[in-house]
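Undergrad: Protein chains in written order, with the numbering used here: chain S, 1 to 450; chain A, 1 to 450.
Protein chains: 2
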Amino acid sequence: MSMEQVRELVSERKDAYLEQLFTLLKQKSISAQNIGMEETGELVKQMMQEVGMDARFIETDGYPVVYGEKIKDENDFTLLIYGHYDVQPPDPIDEWVSPPFEPTIRDGKIFCRGAGDNKGQLMAQLLAIKSYQDVFGELPINIKLVFEGEEENGSPNLAKFVETHKDLLKADLVYTSDGPMHDSGAPFVLLGVRGMLYVELQAKGADWDNHSGNKGNIVPNPAWQLVDLLRTMKDENGNVLIDGFYDNIRKPTEEELEIIHTLPYDKETLGKQIGYEDLDMTKEEYYRKLTMEPTFNIAGFHSGYGGEGSKTIIPSTAMLKMDMRLVVDQDPEDIFEKFKAHVKKHAPNIEVKHLGAMQPSRTPADTEVVGVVRKSVEKAYQQQPILQPSLGGSLPDYVWTKILGIPSVVVPYANFDEANHSPNENMGVDNFLNGIICTCQVIQDLGSEK
Amino acid sequence: MSMEQVRELVSERKDAYLEQLFTLLKQKSISAQNIGMEETGELVKQMMQEVGMDARFIETDGYPVVYGEKIKDENDFTLLIYGHYDVQPPDPIDEWVSPPFEPTIRDGKIFCRGAGDNKGQLMAQLLAIKSYQDVFGELPINIKLVFEGEEENGSPNLAKFVETHKDLLKADLVYTSDGPMHDSGAPFVLLGVRGMLYVELQAKGADWDNHSGNKGNIVPNPAWQLVDLLRTMKDENGNVLIDGFYDNIRKPTEEELEIIHTLPYDKETLGKQIGYEDLDMTKEEYYRKLTMEPTFNIAGFHSGYGGEGSKTIIPSTAMLKMDMRLVVDQDPEDIFEKFKAHVKKHAPNIEVKHLGAMQPSRTPADTEVVGVVRKSVEKAYQQQPILQPSLGGSLPDYVWTKILGIPSVVVPYANFDEANHSPNENMGVDNFLNGIICTCQVIQDLGSEK
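1) With 16 as the cutoff for other CB atoms within 10 Å, does A:H84 come out buried or exposed?
2) Looking at A:G327: is its Cβ nearer than 8 angstroms to the Cβ of A:E378?
3) Does the region 274 to 285 of chain A come within contact of the region 206 to 215 of chain S, defined as at least 3 CB pairs closer than 8 angstroms?
4) Locate the alpha helix (DSSP H) running through A:T262, then write down its first and last residues.
5) Please state whether DSSP places A:K166 in a helix, a strand or coil.
6) For A:R325, which three-state DSSP category applies?
7) Identify, in the order they occur along the chain, each residue of the same chain with its Cβ nearer than 6 angstroms to the Cβ of A:K198, setting aside the five sequence neighbours on each side.
8) Within 10 angstroms of its Cβ, does S:V399 collect 16 or more other Cβ (buried), or is it exposed?
9) Using the rule of at least 16 other Cβ atoms within 10 Å of the residue's Cβ for burial, across every protein chain shown, is A:I71 buried or exposed?
10) Per the DSSP calculation, A:H342 is bridged to which residue(s)?
11) Taking 8 angstroms as the cut-off, does the region 133 to 152 of chain A touch the region 58 to 77 of chain A (at least 3 CB pairs, one atom from each stretch)?
12) Spell out whether any CB of chain A is found under 8 angstroms from the CB atom of S:F301.
13) Starting from the Cα of A:E150, find the closest Cα among A:F301, A:R56 and A:I30 and give me that residue.
14) So who's on the other strand from S:N426, going by DSSP bridges?
15) Please determine, among S:M181, S:N210 and S:Q388, the residue with the shortest C-alpha to C-alpha distance to S:G428.
16) Rounding to the nearest angstrom, what Cα-Cα distance links S:Q121 and S:T40 in this structure?
17) What does A:D54 pair with, by DSSP beta-bridge criteria?
18) Determine the direct distance from the alpha carbon of A:G192 to that of A:R362, and round the result to whole angstroms.
19) Just verifying my parser: in three-state terms, what is the DSSP assignment at S:T232?
20) Using the three-state DSSP reduction, which class does S:Y198 fall into: helix, strand or coil?
21) Are the beta-carbon atoms belonging to S:T317 and S:P220 less than 8 angstroms from one another?
22) Can you confirm whether the region 419 to 434 of chain S touches the region 366 to 377 of chain S when touching is taken to mean that 3 or more C-beta pairs between the two stretches lie within less than 8 angstroms?
23) Rounded to the nearest angstrom, how far is the Cβ of S:S155 from that of S:Y413, given a contact under 8 angstroms?
24) What is the C-beta distance between S:P264 and S:S184, in whole angstroms, given that I count them as a contact (C-beta under 8 angstroms)?
25) Is S:Q88 helix, strand or coil by DSSP?
26) Verify the CB distance criterion: does S:K144 have a CB-CB separation below 8 angstroms to chain A?
27) Do A:V411 and A:Y175 have their beta-carbon atoms positioned less than 8 angstroms apart in this structure?
28) Look up A:K215 in the DSSP assignment and say whether it is helix, strand or coil.
29) Between which two residues does the alpha helix (DSSP H) containing S:F22 stretch?
30) Can you tell me whether S:E152 is buried or exposed? The criterion is at least 16 other CB atoms within 10 Å of its CB, across all chains shown.
31) With which residues is S:K144 paired in a DSSP beta bridge?
32) Is the CB of S:E236 under 8 angstroms away from at least one CB in chain A?
33) Pull up the distance between the alpha-carbon of S:I437 and that of A:E308, whole angstroms please.
34) Could you check what DSSP says for S:V399 in three-state terms: helix, strand or coil?
35) By the criterion of Cβ-Cβ separation under 8 angstroms, what are the contact partners of S:D461 in chain A?
36) DSSP three-state label for A:I30, please.
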């Protein structure tokens, strides 16, 4: 018995497996609008049971988690697979070529809301569990499934859920398939994300806008107050001057720095993708800045007159929105306290609001189990995966690495042009079937490691 | 024969003089909408002739100037009186208690569009010329009248007009009655204005907004570019760091500094008027900053997201509007060149646009003729006038002091609550009659000086 038999089985069952995916896709589950959530949860639970898992709902303050497990031996390796059964609203509906909740195959792709994000990838996990057992008789490891219903709402209850069920969720690795593969078609293995702190600052001058002539030099200008504050926060080379901002940043490992050399980088294509053709960074600089360094971004600055021509006022208010992408082990709440202390010292009248935060997360590249997954993915796709130490963006990966304290990897199965969150969302039929095979390979290899 | 007789005459003729003013007020002259301009120009010319002036139109690229003169002897003192015959549009009409072009007296005030700004004050000049001659037989000085029709449009052709007719306009003093008296009821003598330079800056990053996570640290942020530029332009104490910005500032004279001590200042009332009750300046500081020092004001700063909550973007553009109020002898075009050179040096990719400029102007307080006018005003109102070296705002006063090169004073006749540019514009009947007397006194005293 070998993985070759899994490939054959998946190939034979292609239509049946697509049929099962279509059943799930047809069932709407728009968390933002509370459409079909209960029915979809029920369906997912039933599908878990059909592949041999003990399945049940676990309540949260929002939509329940559908939890499944199959425990062979508590001493065996335990894999926790995370996914989500909710989808984005389908708007704008007019732009869909086929109706958003009627799965349709065109050009080798399944078009439907949720095809890639995340039902196609979630279904690949379930069908991998089924296929593996049908070929090999039984699973070589323990498997736990956490499929939540609020990812598209920002997973507001996930951290609390994990905190509350730490014992139940004990595992050796968390495995997530979500998002797109690399645009070259190569598979991705992602080891982390940057965290985030989002703040809003309000500066106030007079109670109303004043005439810049009749009152110029008399009334304080809140836009200048923000500029004067910002100049104390960052030097001209981009270094953040807030006391302790860099204190807890984990030094990249040798291996992480080496990985960067292996990553694909095409300055010209990238420049076009981001609309900035003057991009002038080496590959090493690019990935270090994107994945290993925090940002200190102005997301919005608004004060005074913004229309055509001139209006001679001293604005009465000025507003600044900033987001800071944080890297391990910066803690957003700690950074917020340091940020507030800085503002209090330099501009005590400026008000600071906390608009959101997420912890950064990173699984070290030299973790043994990461090496196993990396090789499994290579075998499944017969192509070396792109290993990236971190996304530039933010996802709640910390609930696994910080709250559970275990390694976590993200291995996306969808095509790079899946159009998640957009009209005509899709997933390649091959991407779906390869995903099943990839998960089987991971299960097998983790089983051999124990 | 004395000024007492002038007072008696004006008092006797009150009804007739009001009747003449009403005739002018009823004639609409909205320059912004080209309503009644020709008819009003004709009426003003005729009224000039009725008081014994040689009157004619002088064409400009816009509405003509109505010019009048009565030259006794070219070697005598020549007074040039400036005023304007156009008015603001009356909108919003619903808020007028009586119709905007039907002069109506209520509570001792004439309500009508143009009552204070500037027909009531312009008419006071004409009736002063008439009254003076009727009492004293002839004028003791030469008088030239320049009544333009485009003041409410920003006097776009005034500088060129003055430049073109330098010889014709030769005079020893320019006298303007416009705007309101001090809110204490005391008369004002204003000796100048601040100039202005208005610029707009555009910074550009990528061609579109990028995701602050996926592209954070990669795409340049134009809001930060503006902040980094601004920090090179002004230190934290408010000093402008642009090379040569302060070069040509005329040092306040002893007399100007002394005048400041005599000015009224009530910190609490002022704080309420400007909506900034924390105002904490001494009188000397306040007037020095308002009248003797330039400003470096941010009138608008706009970049990125400004709505509720958070949006995680790197903005693609950032826009800054600044106005600088300039003091004698800063030249706005010279300052613009210096500003551009500074931007070119520190942020060559940021675009600078010139949105408007006006020269500053100041007549030295120790000019002999200023002393004469000051005393005339004191005699006319039997109250010491408030002498202010400069307005904080900007008016085209430089056409007299720079182009003609002669002293210029502004002596407002309207009540402080004249509501110019607003519904229910008005001028006190007493303000109108006292204005006539004041101009007579000025004519008489300038005549005795020759």
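Glycine included, C-beta positions come from ideal geometry on N, C-alpha and C. In this text, all values refer to a predicted model and were calculated from it rather than measured experimentally.
TA: Once the coordinates are examined:
1) Mapped onto the second sequence, residue 84 of chain A falls at position 84. A:H84 should be labelled buried.
2) As a first step, residue 327 of chain A must be located in the second sequence, where it is residue number 327. As a first step, residue 378 of chain A must be located in the second sequence, where it is residue number 378. In the sequence as displayed, the identity of residue 327 of chain A is Val instead of Gly. In this structure, A:E378 does not lie closer than 8 angstroms to A:V327 by Cβ.
3) yes
4) Along the second sequence, read from residue 1 onward, the residue named residue 262 of chain A stands at position 262. Where A:T262 is concerned, the enclosing alpha helix (DSSP H) stretches over E254 to T262.
5) Your numbering for residue 166 of chain A matches position 166 in the second sequence. Helix, per DSSP.
6) Position 325 of the second sequence, counted from the first residue, corresponds to residue 325 of chain A. DSSP, reduced to helix, strand and coil, places A:R325 within a strand of the structure shown.
7) Here residue 198 of chain A refers to the residue found at position 198 when the second sequence is read from its first residue. Looking at the sequence shown, residue 198 of chain A is not Lys but Tyr. Taken in chain order, the residues that qualify are D323, L355 and G356.
8) Taking the first residue of the first sequence as 1, we reach residue 399 of chain S at position 399. Burial call: buried.
9) Counting from one through the second sequence, the residue named residue 71 of chain A turns up at place 71. Result: exposed.
10) Working through the second sequence from its first residue, we reach residue 342 of chain A at position 342. Answer is none; A:H342 lacks a bridge partner.
11) yes
12) Residue mapping note: residue 301 of chain S aligns to position 301 of the first sequence, counting from 1. Interface residue, yes.
13) Your numbering for residue 150 of chain A matches position 150 in the second sequence. Ranked by Cα distance from A:E150, the first of A:F301, A:R56 and A:I30 is A:I30.
14) Looking up residue 426 of chain S in the first sequence gives position 426. Beta-bridge pairing links S:N426 to S:F111.
15) Within the first sequence, numbered from 1, the residue matching residue 428 of chain S stands at position 428. Minimum Cα distance to S:G428 is reached at S:M181.
16) In the first sequence, residue 121 of chain S corresponds to position 121, counting from 1. In the first sequence, residue 40 of chain S corresponds to position 40, counting from 1. Between S:Q121 and S:T40, the C-alpha separation is close to 16 angstroms.
17) The residue labelled residue 54 of chain A in the question sits at position 54 within the second sequence. Answer is A:E69.
18) The residue you call residue 362 of chain A lines up with position 362 of the second sequence. The residue you call residue 192 of chain A lines up with position 192 of the second sequence. The straight-line gap from Cα to Cα measures roughly 4 angstroms.
19) Within the first sequence, residue 232 of chain S is the residue found at index 232, counting from 1. Of the three classes helix, strand and coil, the one that applies to S:T232 here is helix, per DSSP.
20) Here residue 198 of chain S corresponds to residue number 198 of the first sequence, with the count starting at 1. If DSSP states are grouped into helix, strand and coil, S:Y198 belongs with the strands.
21) Against the first sequence, residue 317 of chain S aligns to sequence position 317. Against the first sequence, residue 220 of chain S aligns to sequence position 220. Against a cut-off of 8 angstroms, the Cβ pair of S:P220 and S:T317 comes out as no contact.
22) no
23) The residue you call residue 155 of chain S lines up with position 155 of the first sequence. The residue you call residue 413 of chain S lines up with position 413 of the first sequence. Distance from S:S155 to S:Y413 at the Cβ level is roughly 20 angstroms; contact not present, criterion being Cβ atoms closer than 8 angstroms.
24) To locate residue 264 of chain S, count along the first sequence from 1; it is residue 264. To locate residue 184 of chain S, count along the first sequence from 1; it is residue 184. Right, their Cβ atoms sit about 6 angstroms apart.
25) Here residue 88 of chain S refers to the residue found at position 88 when the first sequence is read from its first residue. Coil at S:Q88, not helix or strand.
26) By 1-based counting over the first sequence, the position of residue 144 of chain S is 144. Against chain A, the CB of S:K144 has no partner CB under 8 angstroms away; the residue lies outside that interface.
27) On the second sequence, residue 175 of chain A is found 175 positions in, with the first residue counted as 1. On the second sequence, residue 411 of chain A is found 411 positions in, with the first residue counted as 1. Yes, the Cβ-Cβ distance between A:Y175 and A:V411 is below 8 angstroms.
28) Looking up residue 215 of chain A in the second sequence gives position 215. DSSP places A:K215 in coil when its eight states are reduced to three.
29) In the first sequence, the residue the question calls residue 22 of chain S occupies position 22. Note, S:F22: alpha helix (DSSP H), K14 to K26.
30) By one-based count along the first sequence, residue 152 of chain S stands at place 152. The residue is buried, with at least 16 neighbouring Cβ atoms inside 10 Å.
31) Counting from one through the first sequence, the residue named residue 144 of chain S turns up at place 144. For S:K144, which the question treats as bridged, DSSP gives the partners S:E69 and S:L80.
32) Here the question's residue 236 of chain S lines up with position 236 in the first sequence. Taking Cβ atoms only, chain A reaches closer than 8 angstroms to S:E236, which makes this a yes.
33) If you number the first sequence from 1, residue 437 of chain S lands on position 437. If you number the second sequence from 1, residue 308 of chain A lands on position 308. Cα to Cα, the separation comes out at about 45 angstroms.
34) What you label residue 399 of chain S is simply residue 399 of the first sequence in a count that begins at 1. Three-state DSSP puts S:V399 in a helix.
35) Only positions 1 to 450 of chain S appear in this structure, which leaves residue 461 of chain S out of reach.
36) Start at 1 with the first residue of the second sequence, and residue 30 of chain A comes out as number 30. A:I30 falls in the strand class under three-state DSSP.
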